[in-house]
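Shown next, in the form of structure tokens:
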């Protein structure tokens, strides 16, 4: 038996590369399909957990090189896939480090999310300072391009009512309005992208812990992430953000609406996490599990995220979980 160990270890290392490449291809495929790109970091995070940092980093850099070469050689290759793959790789590294270092998932989410906010925010500021055209100018060009494409599509369509046509023309003929709205919302976009993207990756990775737990000893589970509690004092900046948002119509400076909206949505992310935890426990209380539960979760996050945030806010006073009896662990499910 002992003579076979070296050869079996060598075989295991050799067979690791195709598996890693398969996980990398999965990430690339998810990056290519925008609605599913939110899950793109998960295969790479699992690769880190199963095969370690060194070889996964090597395969990651190799994959970026292949994508870069494809972008140079293949006409029409979507260059945004490279950017999304690099971002997914960064998210995967952070998720894997939370698990490798045995950090509480909520603490890891808060700390690493803040790192992402600072990183992406600094990149936007640097781009705005160093680019020949300002960041707002880049947004304006993109918006104008999209508007032109919408106009072309509209000309090819014949089944549009007069009322819809007037509303459409009013929208596409004012690209500067949309540009200003996007530019003023960049702080909340960066914040939500960082925290929500990291939370989704961490949630799905923990939900599929049966795949990697035999390799990595992690003291926490999915329940530690979903039992997210926003500190009580957060209600004060929440109220302040609402005052700024509404007060712009009652004498406050116009900029107060922008500040209030950004602050409200940034705080709303954390209340969304708390509301989702309540919703998750409610589904377990109803004994809804497996694929049906996955569908409920996916559709609720897509269609009713604001409702979940409201549930998180009211949970501060009502503690909805006390009405739920079933408290089964949500380990090993697939999504």
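Numbering (my numbering), first residue to last: 1180 to 1514. Even for Gly, the Cβ is constructed at its ideal location relative to N, Cα and C. Owing to the predicted nature of the structure, the values given are computational and were not obtained by experimental measurement.
By the beta-carbon neighbour count (other beta carbons within 10 angstroms, threshold 16), residue 1354 is buried. When the beta-carbon positions are compared, residue 1291 and residue 1377 come within less than 8 Å of each other.
Straight through space, the alpha carbons of residue 1357 and residue 1407 are spaced by roughly 34 Å. Between residue 1397 and residue 1281, the beta carbon gap of about 6 Å places them in contact (Cβ cut-off 8 Å). Between residue 1219 and residue 1267 a beta carbon distance of about 4 Å is seen, short of the 8 Å cut, so the two are scored as contacting. Cβ neighbours of residue 1453 within its own chain (closer than 7 Å, five residues either side excluded): 1407, 1408, 1409, 1491 and 1494. In the three-state DSSP reduction, residue 1297 falls in the helix class (H, G or I).
A Cβ-Cβ distance of about 6 Å is found for the pair residue 1199 and residue 1230, placing them in contact under the 8 Å criterion. Following the DSSP letters along the chain, one finds residue 1460 inside the alpha helix (DSSP H) bounded by residues 1434-1464. The distance from the Cβ of residue 1243 to that of residue 1264 is about 7 Å, consistent with a contact at the 8 Å cut-off. Residue burial is scored here from C-beta neighbours: residue 1423 has at least 16 other C-beta atoms within 10 angstroms and is therefore classed as buried.
Within 10 angstroms of the beta-carbon of residue 1496 lie fewer than 16 other beta-carbons, which makes it exposed. About 14 Å separates the beta carbons of residue 1484 and residue 1446, which is beyond the 8 Å limit, so they are not a contact pair. Boundaries of the alpha helix (DSSP H) harbouring residue 1359: 1354-1363, taken from the DSSP string. Between residue 1294 and residue 1287, the beta carbon gap of about 10 Å keeps them out of contact (Cβ cut-off 8 Å). Non-local beta-carbon contacts of residue 1209 in its own chain, meaning distances under 7 Å to residues more than five positions away in sequence, involve 1215, 1216, 1218 and 1219 in chain order. For a cut-off of 8 Å, the C-beta gap from residue 1303 to residue 1351 is around 26 Å, too long to register as a contact.
The alpha-carbon of residue 1259 is positioned some 21 Å away from that of residue 1374. Excluding residues up to 5 positions away in sequence, nothing lies with its Cβ nearer than 7 Å to the Cβ of residue 1432 in the same chain. Residue 1227 sits buried, since 16 or more C-beta atoms from the chains shown fall within 10 Å of its C-beta.
The residue among 1256, 1372, 1236 and 1239 with its C-alpha nearest the C-alpha of residue 1300 is 1372. Relative to the Cα of residue 1197, the nearest Cα in the group 1234, 1316 and 1394 belongs to 1234. Residue 1439 sits buried, since 16 or more C-beta atoms from the chains shown fall within 10 Å of its C-beta.
Each residue's CA atom was taken as its position, placing residue 1476 and residue 1462 some 9 Å apart.
According to the DSSP assignment, residue 1252 belongs to the alpha helix (DSSP H) that extends over 1232-1252. Distance between residue 1272 and residue 1449, taken at the CA atoms: about 22 Å. Look at residue 1431 here: in three-state DSSP terms it is coil, with no helix or strand label. Excluding sequence positions up to five before and after residue 1405, its CB lies within less than 6 Å of the CB of 1456 and 1459, all in the same chain and listed in chain order. A residue is called buried when at least 16 other Cβ atoms come within 10 angstroms of its Cβ; residue 1470 does not meet this threshold and is exposed. Separation of the CB atoms of residue 1464 and residue 1503 is rounded to 4 Å, and the pair is thereby assigned contact status at 8 Å.
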